[in-house]
Amino acid sequence: MKPLAEIEQEARQVKAALPGYIAIRDLAAAALTGMADGLGMDLDERDVRDLATAVVDAIHKPAELQGIAFACTVADMEVAADDRWLLTPAREKAKSDPDARKALPYLEQYAEGAQKVRNELVERLARAGREWMAERRSAAVVAMPPAEARAESTAAA
1 MKPLAEIEQE
11 ARQVKAALPG
21 YIAIRDLAAA
31 ALTGMADGLG
41 MDLDERDVRD
51 LATAVVDAIH
61 KPAELQGIAF
71 ACTVADMEVA
81 ADDRWLLTPA
91 REKAKSDPDA
101 RKALPYLEQY
111 AEGAQKVRNE
121 LVERLARAGR
131 EWMAERRSAA
141 VVAMPPAEAR
151 AESTAAA
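Here the sequence shown is numbered in the working numbering, starting from 1 and rising by one per residue.
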């Protein structure tokens, strides 16, 4: 197993390599430009940028919320594991062992810390999710026509 310092360094490298909003928008703009060229569409730079911004805006917040939801799931698993594998056996042992009885408050304090982190993640997910859901309700979403209709309109042009 790798030392913790090495794992933390790898995690920092991954975080630094993750693209930000602008980099993702630029990637979407490049993809849209390539798609438009492939379809023979003539889009100017502003149209491509506006489309890319709309696409990234549509997926950016849900992707962020998915990340928070994943962290909540991991925290839930940690809290459950603490209860099952740490606290339950420690409480049983504390009934008959005075040394285990002395250690039990420290184990419970550790488990409370994990529960607090979990609660903070859930609170963050709920808060950010409420904002996103409110934005979704207020935004008008234009439905794309079915692929057959788009193909017919492209063929007619």
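Glycine residues also receive a C-beta, built at the ideal position from the N, C-alpha and C atoms.
Same chain only: Cβ atoms within 8 Å of residue i, ignoring 5 sequence neighbours per side
| i | result |
| --- | --- |
| T33 | L43, V48 |
| D83 | A111 |
| L107 | L86, L87, A90 |
| W132 | K61, P62, L65 |
| Y21 | V56, H60 |
Straight-line gap, residue i to residue j (C-alpha atoms, nearest Å)
| i | j | result |
| --- | --- | --- |
| K116 | E45 | 48 Å |
| L4 | A11 | 10 Å |
| A75 | G38 | 45 Å |
| A140 | R124 | With a pLDDT of 49 at A140, under the threshold of 50, the modelled position of this residue cannot be trusted, and the question is left open. |
| A211 | T73 | Because the chain here runs from 1 to 157, residue 211 falls outside it and cannot be looked at. |
| A52 | A28 | 5 Å |
| P98 | V79 | 26 Å |
| A58 | M35 | 19 Å |
| K102 | E120 | 29 Å |
Close beta carbons around residue i, own chain, < 6 Å, minus the five adjacent residues each side
| i | result |
| --- | --- |
| L24 | Checking the displayed sequence, the identity of residue 24 turns out to be Ile instead of Leu. Within the same chain, I24 has close Cβ partners V56. |
| A186 | The question about residue 186 has no answer, for the chain in this structure spans 1 to 157. |
Buried/exposed call for residue i, threshold 16 Cβ in 10 Å
| i | result |
| --- | --- |
| R118 | buried |
| L18 | exposed |
Across the segment 85-93 and the segment 57-72, are there enough close Cβ pairs to call them in contact, namely three or more that are closer than 8 Å?
no
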